[in-house]
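*Asks:*
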Amino acid sequence: MKPSPIERIIGLAMSAAVLMSPAVAAEEAKRGGSIVVSYKDDIATLDPAIGYDWQNPSMMQLIGDGLMGYKMGTTDLVPDLAESFTISEDGLTYSFALRKGVKFHNGRELKSADVKYTFERLVNPETQSPGQGYYAVIEGFDEMVSGADGLSGVTTPDDYTVIIKLTRPNAVFLNVLAMHFSSIVPKEEVEKYGADWGRNPVGTGAYKITEWTLGQRIVFERNPDYQHGTGPENVPYLDKITWEVGQDPSVALLRLKKGEVDILGDGIPPAQFVEAVENPEFNERGMIVENPMIQTSYVTMNVRIPPFDNVLVRKAVNMAINKDRIVRLINNRAVPATQPLPPNMPGHDGSYEGYAYDPAKAKELLAEAGFPDGFETELWSMNTDPNPRIAQAIQQDLAQVGIKAELHSVASSVVIAAGGEAEQAPMIWSGGMAWISDYPDPSGFYWSILGCGGAVPGGWNWAWYCNEDVEVKAAKADAMADPALAQERVDLWRSIYLEIMEDAPWVPLFHSRYFTMRSARMAGDAVLYVSPTYIPMHYEYLHAKDAQ
Amino acid sequence: MLRYLARRLAASALILIGVSVITFGLTFLIPADPVRMIAGRSASPQAVENIRHQLGLDKPIPVQYMNYVTKLVQGDLGRSYVQKAEVSRLIESRLPATLLLMAGAIFFEILIGLPAGILAATRRGRLLDRAVMIFSFAGVSTPQFVLGLLLLYVFANLLGWFPLSGFGTLSHLILPALTLGIAGGGWYSRMMRSSMIEVLHHDYIRTARAKGLSGPKVVLVHGLRNAILPVIAMVGLDIGIFMSGAVVVESVFGWPGIGQLAWLAIQRIDIPIIMGVTLVAAVAIVIGNLLADLTAPLIDPRIRLR
Numbered sequence: 014m015k016p017s018p019i020e021r022i023i024g025l026a027m028s029a030a031v032l033m034s035p036a037v038a039a040e041e042a043k044r045g046g047s048i049v050v051s052y053k054d055d056i057a058t059l060d061p062a063i064g065y066d067w068q069n070p071s072m073m074q075l076i077g078d079g080l081m082g083y084k085m086g087t088t089d090l091v092p093d094l095a096e097s098f099t100i101s102e103d104g105l106t107y108s109f110a111l112r113k114g115v116k117f118h119n120g121r122e123l124k125s126a127d128v129k130y131t132f133e134r135l136v137n138p139e140t141q142s143p144g145q146g147y148y149a150v151i152e153g154f155d156e157m158v159s160g161a162d163g164l165s166g167v168t169t170p171d172d173y174t175v176i177i178k179l180t181r182p183n184a185v186f187l188n189v190l191a192m193h194f195s196s197i198v199p200k201e202e203v204e205k206y207g208a209d210w211g212r213n214p215v216g217t218g219a220y221k222i223t224e225w226t227l228g229q230r231i232v233f234e235r236n237p238d239y240q241h242g243t244g245p246e247n248v249p250y251l252d253k254i255t256w257e258v259g260q261d262p263s264v265a266l267l268r269l270k271k272g273e274v275d276i277l278g279d280g281i282p283p284a285q286f287v288e289a290v291e292n293p294e295f296n297e298r299g300m301i302v303e304n305p306m307i308q309t310s311y312v313t314m315n316v317r318i319p320p321f322d323n324v325l326v327r328k329a330v331n332m333a334i335n336k337d338r339i340v341r342l343i344n345n346r347a348v349p350a351t352q353p354l355p356p357n358m359p360g361h362d363g364s365y366e367g368y369a370y371d372p373a374k375a376k377e378l379l380a381e382a383g384f385p386d387g388f389e390t391e392l393w394s395m396n397t398d399p400n401p402r403i404a405q406a407i408q409q410d411l412a413q414v415g416i417k418a419e420l421h422s423v424a425s426s427v428v429i430a431a432g433g434e435a436e437q438a439p440m441i442w443s444g445g446m447a448w449i450s451d452y453p454d455p456s457g458f459y460w461s462i463l464g465c466g467g468a469v470p471g472g473w474n475w476a477w478y479c480n481e482d483v484e485v486k487a488a489k490a491d492a493m494a495d496p497a498l499a500q501e502r503v504d505l506w507r508s509i510y511l512e513i514m515e516d517a518p519w520v521p522l523f524h525s526r527y528f529t530m531r532s533a534r535m536a537g538d539a540v541l542y543v544s545p546t547y548i549p550m551h552y553e554y555l556h557a558k559d560a561q
Numbered sequence: 219m220l221r222y223l224a225r226r227l228a229a230s231a232l233i234l235i236g237v238s239v240i241t242f243g244l245t246f247l248i249p250a251d252p253v254r255m256i257a258g259r260s261a262s263p264q265a266v267e268n269i270r271h272q273l274g275l276d277k278p279i280p281v282q283y284m285n286y287v288t289k290l291v292q293g294d295l296g297r298s299y300v301q302k303a304e305v306s307r308l309i310e311s312r313l314p315a316t317l318l319l320m321a322g323a324i325f326f327e328i329l330i331g332l333p334a335g336i337l338a339a340t341r342r343g344r345l346l347d348r349a350v351m352i353f354s355f356a357g358v359s360t361p362q363f364v365l366g367l368l369l370l371y372v373f374a375n376l377l378g379w380f381p382l383s384g385f386g387t388l389s390h391l392i393l394p395a396l397t398l399g400i401a402g403g404g405w406y407s408r409m410m411r412s413s414m415i416e417v418l419h420h421d422y423i424r425t426a427r428a429k430g431l432s433g434p435k436v437v438l439v440h441g442l443r444n445a446i447l448p449v450i451a452m453v454g455l456d457i458g459i460f461m462s463g464a465v466v467v468e469s470v471f472g473w474p475g476i477g478q479l480a481w482l483a484i485q486r487i488d489i490p491i492i493m494g495v496t497l498v499a500a501v502a503i504v505i506g507n508l509l510a511d512l513t514a515p516l517i518d519p520r521i522r523l524r
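Protein chains in written order, with the numbering used here: chain A, 14 to 561; chain B, 219 to 524.
1) I want to verify the contact list: residues of chain A whose CB lies under 9 Å from the CB of M255/B, in sequence order.
2) At the 8 Å Cβ level, is Y527/A part of the contact set with chain B, yes or no?
3) By Cβ distance below 6 Å, which residues in the same chain neighbour G366/B in space, the five residues on each side in sequence not counted?
4) CB-CB under 6 Å to L25/A, same chain, minus the five flanking residues each way: which ones, in chain order?
5) Considering only residues of the same chain and omitting the five flanking positions on each side of A250/B, which have a CB-CB separation below 7 Å?
6) Identify, in the order they occur along the chain, each residue of the same chain with its Cβ nearer than 8 Å to the Cβ of R297/B, setting aside the five sequence neighbours on each side.
7) Would a check of beta-carbon distances place P138/A closer than 8 Å to chain B?
8) Would you say L382/B lies against chain A (beta-carbon separation less than 8 Å)?
9) For V248/A versus A517/A, is the C-beta distance shorter than 8 Å?
10) Using CA atoms only, rank isn't needed, just tell me which of T58/A, E481/A and G46/A is closest to Y209/A.
11) Once you ignore the five residues that flank A406/A on each side, which residues in its own chain have a CB closer than 7 Å to its CB?
12) Could you give the distance in angstroms between the alpha-carbon of P372/A and the alpha-carbon of P282/A?
13) Would you tell me roughly how many angstroms separate the C-alpha atoms of L377/B and F363/B, rounded to the nearest one?
14) Going by DSSP, which residues form a beta bridge with N304/A?
15) Provide the residue span of the alpha helix (DSSP H) that contains H390/B, from first to last.
16) Classify Y365/A: buried if its beta carbon has 16 or more other beta carbons within 10 angstroms, exposed otherwise.
17) If you check the beta carbons only, do S383/B and Q260/A fall under 8 Å apart?
18) Measuring CA to CA, which of L420/A, F458/A and Y452/A is closest to W442/A?
19) Please confirm if R312/B has its CB atom under 8 Å from at least one CB of chain A.
20) Do the region 145-152 of chain A and the region 211-227 of chain A make contact, defined as three or more Cβ pairs closer than 8 Å?
21) I'd like the list of long-range same chain contacts for Y283/B, defined as Cβ closer than 6 Å, with 5 residues on each side in sequence excluded.
22) With a 10 Å radius around its C-beta and 16 neighbouring C-beta atoms as the bar for buried, classify G322/B as buried or exposed.
23) Tell me the DSSP bridge mates of F471/B?
24) At what residues does the beta strand (DSSP E) containing I177/A begin and finish?
25) Kindly list, in the order they appear in chain A, the residues whose Cβ is closer than 7 Å to that of P474/B.
26) Express the C-alpha separation of H271/B and I318/A in angstroms, rounding to a whole number.
27) Taking T360/B as the reference, which of W473/B, I240/B and G463/B has the closest Cα?
28) What residue does the alpha helix (DSSP H) around F233/A start on, and which one ends it?
29) Quick check on the DSSP output: the alpha helix (DSSP H) that includes E481/A runs from which residue to which?
30) Does the beta-carbon of D456/B, which I'm using as the reference point, lie nearer than 7 Å to any heavy atom of the ligand NAD?
31) Taking the CB atoms as reference points, tell me whether S426/A and M452/B lie closer together than 8 Å.
32) Show which residues of chain B have a CB atom less than 7 Å away from the CB atom of E294/A.
33) DSSP state of D103/A, grouped into three classes?
34) Could you say which of L277/A, G45/A, Y452/A and S422/A lies nearest to P237/A if we only look at CA atoms?
35) Relative to chain B, which residues along the region 467-487 of chain A have a C-beta separation below 9 Å, given in chain order?
36) Closer than 8 Å, Cβ to Cβ, to anything on chain A: give me those residues from the region 260-271 of chain B, in chain order.
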C-alpha cells in the first residue's frame with residue numbers, strides 16, 4: 014500500500030504510542046471474524062438522507078453506496094456505484110455510467126431510476142434532510158425546494174446512465190456525491206417502512222443490517238452479493254460487526270480489557286486517558302490507536318460587536334492566547350493551530366506561523382486600538398469537559414492583557430443558537446462543536462463558517478465575518494472544476510485562508526488528535542480507526558488477527 | 219371509597235395536564251432551536267423555515283400546545299424529530315426494561331431495608347444498630363453513578379460474578395437493581411427502625427410479651443404488621459424516585475430503558491420524545507402515589523378513606 018500524502022503527515026504526527034501499528038499493518042489481512050464496537054448513545058437513525066452525527070455516517074456507508082467514494086484511507090475520489098464518469102468542458106454536466114448487476118439487499122438490481130429517486134428524495138423538503146443544502150448546485154434544486162415535483166437537473170436517458178446538470182461549475186461536487194446523504198436507496202423499501210425506514214435501511218453496500226434491538230445492539234453482516242468495492246478484492250474483511258449501544262465509556266473500557274469489546278466507539282474516556290495511553294501493556298500490544306482529525310477548534314470574535322470590529326483588537330487577542338498551554342491542559346490530545354485549515358488538509362500552509370503567543374505585543378496592539386486598559390466582553394462555550402476548562406484558560410490569558418471576559422458555559426445547542434444571532438455572543442469557543450470537514454477539501458472550512466452566506470441569522474459563521482474580496486476568490490476557486498486546475502485551486506485556497514488570517518476573525522486554537530482503543534486482536538493502520546473520510550472508522554477495512 | 223378514588227383520579231388528571239403544560243413551556247424556554255438541529259449546517263434560511271413550518275413550530279405556542287394535546291388524547295405522542303419514528307413506539311419498546319429495573323430495585327430495597335430496620339430496632343443503641351445506621355447513611359448518600367461503577371468494578375470486573383453491562387438475563391438485572399435498591403434500602407431501614415421502635419412501645423406489645431410469646435414472634439407477628447404501614451406507603455412514592463434514578467443507572471449499566479432514550483433526546487432537543495418520556499414518568503409517579511394511598515387501608519383497616 015502506497016502511503017498517500019495524508020498517511021505521510023499522519024506518520025509524522027504519530028506519537029510513540031502508535032509506533033507499534035506499522036508492524037501490525039504488515040500482517041496479511043484475513044477475511045472473516047466478527048467484532049464488537051461500543052457506543053454510549055443509541056444510533057439515531059440509519060436513513061442516509063437524515064443521519065448526520067458522529068456515529069452514523071460510516072455505518073450508513075456500509076449499508077449503502079454513492080456514485081462516488083474514496084480510496085481506502087485517502088482523500089482520492091473514485092467512482093463507486095458509477096463505473097465511470099465524464100465532466101463536460103464547461104464543468105456543468107456530469108454523466109455517470111452505472112455498474113451493471115449491482116443488487117440492493119432485497120435482490121433487485123440498481124437502475125438509474127433509483128439514483129434519480131434518491132436525489133429527489135434528498136432535495137424534497139418533506140424529507141427534512143440536513144444534507145439538502147450540499148446539493149443546491151444541481152439544476153432544478155430551487156424549484157423543487159419551492160414545491161416542484163421533480164429535480165430537473167437529474168436525468169436518466171437509459172437504465173444505466175445518469176446525467177446531472179449543475180447551475181454553476183463546482184469543484185467539490187464529486188466530494189458531495191461521495192457523502193452518505195446521496196447513498197442510493199430503493200424506493201419500494203423506503204415507502205414500505207415509512208417512518209420506520211431509518212431503522213430498516215436497505216442499500217447496495219457491503220453489509221446488511223440483520224438486527225436492531227433499540228437501546229442494545231445493531232448487527233451488520235456481510236452482504237454476499239457485494240462485488241463493487243473500491244478497494245482490494247477481499248474487502249470487507251469482517252463477517253459481522255456488532256455495535257453495542259448504551260455503553261458507558263468507562264465501562265466499555267473495562268469490557269475492552271476483558272475482551273468483550275473490540276473498539277471504543279467514543280474513544281478513551283477523559284478520566285482514564287493518561288492511565289490508558291501510558292499503560293505499557295496496551296502500547297506493547299498495539300491497543301492504543303491515535304490519529305489527527307481533519308478538524309479545527311477556534312475562538313470566534315464577532316466582527317459586528319465592538320471592539321471586535323477593530324482588526325487590531327482581533328490580532329491582539331490572537332497574540333494573547335497561549336495555545337501550547339491549552340494543548341497541555343488537554344493532555345496533548347491536539348496540536349496547536351496557526352490557521353483555519355488543519356495540517357492534513359490540502360491548502361494548509363506549513364510555512365505560515367500565524368500569530369505567535371506574545372502578550373506584550375498584544376497589549377501594544379490594544380493600546381494602539383484605543384484600549385490601553387483592555388475592555389470587558391463575554392466568552393461563550395459548551396458546558397461539557399474539557400471545554401469549560403479551556404474557556405477558563407482563555408479567560409486567564411485574556412486577563413493578562415487586560416481583557417475581562419465573562420464566561421457563559423451552556424449546552425451546545427444554546428451556543429449554536431447564540432452564535433447564529435447577529436449581536437449576541439462577542440466571543441465563542443467552538444470546542445465540542447468544532448468543525449470537522451464534511452469532505453477533504455479546503456472549501457469545507459470556508460462557506461458555512463467564514464463565508465458571507467454563513468453570516469446570517471441562524472448561520473454557523475459565528476464571527477459574522479464577511480469579506481467581499483475573499484468571497485469572490487472563494488467562488489472563483491470553487492468554480493475551478495477542471496481536474497487539471499486542481500493544484501492551482503489548492504494554491505488559491507491557501508492564499509484565501511492567509512488573507513482571512515490577516516483579518517483575524519478567529520483565533521485558530523488547535524487541531525484535535527483522536528485517541529481510541531482497540532482489543533489486541535484487532536489489526537491494521539491507525540488511519541482505519543480514525544479515517545479522514547469515513548468518520549469515525551473505516552469499518553470495511555478493519556480486520557482481526559485471529560480471523561480464520 | 220369510590221368517591222375517594224374518583225376524586226383522586228380527577229386530581230391526577232389535573233396534575234398530568236399541569237405537567238404537560240410545564241414541560242411544553244420549558245422546551246420553548248431553552249434558548250436553542252430544534253429546527254436548526256434538524257436542518258444541519260448546510261441548510262439555507264429558507265430550508266430551516268420550511269422545516270419549521272412542516273413541524274408546525276412557526277405557530278404561536280398556545281396553538282402548538284393545543285395541537286399537541288389534541289393528538290395526545292387520541293393516543294398520538296407525535297414523531298421524533300431526529301429518529302422520525304413514532305414516539306409511542308419508541309417508549310413502548312423501552313418501558314418494559316425500565317419497569318423491570320424498578321421491580322428489581324423495589325425487591326432489593328425491601329430485602330435489604332426491612333430486615334436491617336427490624337434488627338436495628340430490636341437492638342436499639344447497640345453495636346448492630348449503629349452499624350446498620352451507618353451503612354444506611356452511606357447507602358442513601360452515595361451518588362448512584364459512584365455506587366453503580368463501584369459495584370461494577372468489584373462484582374463484574376474483579377470477581378467476574380456478573381456481566382459488565384447489558385440486558386437480557388437475571389444476572390444482568392442484579393447489579394443495576396441493587397444500585398437503586400441500596401439507596402432505597404437505606405431509607406427503608408431507617409423508616410422501618412423508627413416505626414418499629416414506636417410500635418414496640420405500645421401496650422399490646424407489652425401484653426403479647428406478658429402472655430409469654432417469644433421475642434421474635436412478638437416483633438414479627440404483632441410488631442411488624444403495624445410498623446410496616448408507613449414503609450409500604452413509601453413503595454408507591456419510590457416509583458417516582460426510581461424514574462429519575464433510572465436515567466443515571468441505565469446509562470452506567472447500558473440498560474435499554476426510557477432513561478437512555480430521554481438522554482439522547484435531550485442532547486438533540488428532540489421535543490416530542492422529551493415530552494413523551496416526561497409524561498410517562500409523570501403518569502408513573504401519579505399511579506405510584508395513588509397506589510400508596512390505596513394500599514394503606516388494605517393493610518390497616520383503621521385508615522378510612524374519605
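A virtual CB, placed ideally from N, CA and C, is assigned to each residue, including glycine.
*Replies:* Inspection of the coordinates gives the following:
1) P143, S426 and I429
2) no
3) T397, V467 and V470
4) Caution is warranted here: a pLDDT of 31 is assigned to L25/A, below 50, making its placement in the model unreliable, and the coordinate value is therefore given only provisionally. The answer is none, since no qualifying residue turns up.
5) I487
6) A303, E304, V305 and P490
7) yes
8) yes
9) no
10) First, the amino acid is wrong: residue 209/A is Asp here, not Tyr. If we check each option's Cα against that of D209/A, T58/A comes out closest.
11) R338, I339 and L342
12) 34 Å
13) 20 Å
14) Y527/A
15) L388 to L418
16) exposed
17) yes
18) L420/A
19) yes
20) no
21) F242
22) buried
23) Paired residues: none, contrary to the question.
24) T174 to K178
25) L227, G228, Q229 and G259
26) 31 Å
27) G463/B
28) No alpha helix (DSSP H) contains F233/A, which is instead part of the beta strand (DSSP E) from R230 to R235.
29) E481 to A492
30) Among the components of this structure there are no ligands whatsoever, and the ligand NAD is therefore not found.
31) no
32) Simply none; closest approach about 16 Å.
33) coil
34) G45/A
35) G467, V469, P470, G471, G472 and W473
36) S260, A261, S262, P263, Q264, A265, V266, N268 and I269
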